[in-house]
Amino acid sequence: MLCNLFFFVFLHKPFLHNTMTIKQRYDAVIAYFQASMPTAESELNYRNPFELLVAVILSAQCTDKRVNLTTPALFEAMPTAEAMAAHTAEEIFPYIRSISYPNNKARHLAAMARMLVEEFGGEVPSDLKQLQRLPGVGRKTANVIGAVIWQKEVMPVDTHVFRVAARIGLTRGAKTPLQTELQLGRHIPSHLLPVAHHWLILHGRYVCIARSPKCAECGIKEFCRHFSAQKAEK
12 MLCNLFFFVF
22 LHKPFLHNTM
32 TIKQRYDAVI
42 AYFQASMPTA
52 ESELNYRNPF
62 ELLVAVILSA
72 QCTDKRVNLT
82 TPALFEAMPT
92 AEAMAAHTAE
102 EIFPYIRSIS
112 YPNNKARHLA
122 AMARMLVEEF
132 GGEVPSDLKQ
142 LQRLPGVGRK
152 TANVIGAVIW
162 QKEVMPVDTH
172 VFRVAARIGL
182 TRGAKTPLQT
192 ELQLGRHIPS
202 HLLPVAHHWL
212 ILHGRYVCIA
222 RSPKCAECGI
232 KEFCRHFSAQ
242 KAEK
């Protein structure tokens, strides 16, 4: 209710962008997404933590659409960590050859599956530090698994989140994904972090796209630092 009130006030009251405090900008953006995208979730297809882990590893520098076209045959042939661990990288490669960097990812999947079997009983660990020990799993991938599967209060930062947060003005001077993650984590209520990263990803994927952001159809342009700058130049 409070967020809807914030959204109403910001949307209907003329507001100078350069007078907005960081808290006011976050309040307005969060209120908009809560109203317009309350059930945002991953667009990767998966049925269990293992399938999501594989899909997220494959999604690095690749579209979710391409991953979703690729994983059905892979999961039919290797539905579990045990099944994948029984295959070499060379045997995994044909299933993922249409994915970006298939050689590296095939090696990561083979080694990841073996470690899951040997050290974790074939189960994806819920501890983020343990997740990051797995081949092909960095901080972002671990945070995605934690947020999506276990609703951990973390903020995964991919290229969309990094770009959109800076454009809107949610981050300032962030040069790395970690800096972006820490700034977002300071201002977004922790219980909203698991869904907030989907808000920014989906907004970046369909509206605030990299080369030509669709500002005319953007619901948060009135709170956006980039849009304000564009208007000032005209």
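Residue numbers (our numbering): 12 to 245.
Beta carbons: idealized from backbone N, C-alpha and C, even for Gly.
As the structure is a prediction and not an experimental result, all values here were calculated from the model.
- For residue 149 and residue 157, the gap between their C-alpha atoms comes out near 12 Å.
- Judged by DSSP in its simplified three-state form, residue 162 adopts coil rather than helix or strand.
- Counting the other Cβ atoms within 10 Å of the Cβ of residue 113 gives 16 or more, which makes it buried.
- Check the Cα spacing between residue 169 and each of 41, 58, 55, 71: the tightest is with 71.
- Closest in alpha carbon position to residue 51, among 243, 236, 205, 220, is 205.
- Here residue 32 is exposed. Its C-beta has fewer than 16 other C-beta atoms within 10 Å.
- Annotation for residue 113: the continuous alpha helix (DSSP H) segment containing it runs 113-131.
- Apart from sequence neighbours up to five positions away, the residues of its chain that approach residue 226 with a beta-carbon distance below 6 Å are 232, 238, ordered along the chain.
- At a Cβ-Cβ threshold of 9 Å, residue 67 and residue 92 do not count as neighbours.
- Per DSSP, the unbroken alpha helix (DSSP H) holding residue 216 starts and ends at 204-217.
- If you draw a straight line from the Cα of residue 115 to the Cα of residue 102, it comes to about 13 Å.
- Annotation: residue 78 to residue 145 spans about 20 Å, alpha carbon to alpha carbon.
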